[in-house]
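K.L.:
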Amino acid sequence: MKRIVLILACICTLSGCSIDDDGSSLSLSLAEITDAQLPDYFETGEIYNFPINYMPANGCEQFYGFDINREINGNVRDIYVFAVTARYLDRTDCDEATEQERTLKDIVITGNENTEYIFHFWIGEENEEAKYLDITVPVGKPEENEEPTQE
Numbered sequence: 686m687k688r689i690v691l692i693l694a695c696i697c698t699l700s701g702c703s704i705d706d707d708g709s710s711l712s713l714s715l716a717e718i719t720d721a722q723l724p725d726y727f728e729t730g731e732i733y734n735f736p737i738n739y740m741p742a743n744g745c746e747q748f749y750g751f752d753i754n755r756e757i758n759g760n761v762r763d764i765y766v767f768a769v770t771a772r773y774l775d776r777t778d779c780d781e782a783t784e785q786e787r788t789l790k791d792i793v794i795t796g797n798e799n800t801e802y803i804f805h806f807w808i809g810e811e812n813e814e815a816k817y818l819d820i821t822v823p824v825g826k827p828e829e830n831e832e833p834t835q836e
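In terms of this note's numbering, the sequence shown opens at residue 686 and continues consecutively.
Next up, the structure:
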């Protein structure tokens with residue numbers, strides 16, 4: 686029975702491929718995030734949308750989406766945000782890139798008043814090492830003398 690399933694899977698896989706495929710190839714890449722507008726503090730259980738500016742490499746690149754990775758370390762939530770762009774490789778008549786804005790939507794805040802969210806927005810690489818714009822936003826209204834931090 687396992688052999689039959691394996692043979693059927695191979696047949697389906699091989700019959701779905703065509704070497705005559707003339708479709709355009711799509712290339713995905715990361716775009717530098719230039720700015721992010723976050724609130725001074727979050728409220729537990731609320732849903733937030735953030736405007737984020739990014740710079741594509743050239744005018745042929747179109748916004749594809751955000752890639753988000755989350756890490757939880759005690760009361761700290763590290764959120765890594767990457768702007769992903771797509772480009773058809775057969776397009777060569779590209780205009781100069783201009784800064785774009787998209788909204789990161791439906792971010793649900795969990796955690797209590799002692800929780801901090803640290804957003805790490807990808808801004809490029811230096812010496813093959815990722816560089817980030819880090820913005821820390823606490824959960825709960827901060828004391829009057831505290832300011833949100835941006836590195």
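Glycine residues also receive a C-beta, built at the ideal position from the N, C-alpha and C atoms.
1) Could you tell me the distance, in whole angstroms, from the CA atom of N791 to the CA atom of G730?
2) What residues in its chain sit with their C-beta under 6 angstroms from that of N734, if we drop five residues either side in the sequence?
3) The beta strand (DSSP E) that contains L818, what's its start and end?
4) My guess is that A716 and P736 are in contact by the Cβ rule of under 8 angstroms, so how many angstroms apart are they, rounded?
5) Determine whether the beta carbon atoms of F804 and L723 lie at a separation below 8 angstroms.
6) Less than 8 angstroms between C-beta atoms, sequence neighbours within five positions excluded: which residues of the same chain meet that for V824?
P.N.:
Taking the structure as given:
1) As a first step, residue 791 must be located in the sequence shown, where it is residue number 106. As a first step, residue 730 must be located in the sequence shown, where it is residue number 45. Sequence inspection shows Asp at residue 791; the Asn mentioned does not correspond to that position. Cα to Cα, the separation comes out at about 11 angstroms.
2) Translated into the one-based positions of the sequence shown, residue 734 becomes position 49. These residues qualify, in order along the chain: T788, K790.
3) To locate residue 818, count along the sequence shown from 1; it is residue 133. Unbroken beta strand (DSSP E) run through L818: 814-823.
4) Here residue 716 refers to the residue found at position 31 of the sequence shown. Here residue 736 refers to the residue found at position 51 of the sequence shown. Actually they are not in contact, since the Cβ atoms of A716 and P736 sit about 15 angstroms apart, beyond 8 angstroms.
5) Locating residue 804 in the sequence shown gives position 119, where the first residue counts as 1. Locating residue 723 in the sequence shown gives position 38, where the first residue counts as 1. Contact: yes.
6) As a working mapping, residue 824 is identified with position 139 in the sequence shown. Counting only Cβ-Cβ distances below 8 angstroms, and skipping sequence neighbours, we find Y726, F727, E728, T729, I794, G796, N797, E798, N799, T800, E801, Y802.
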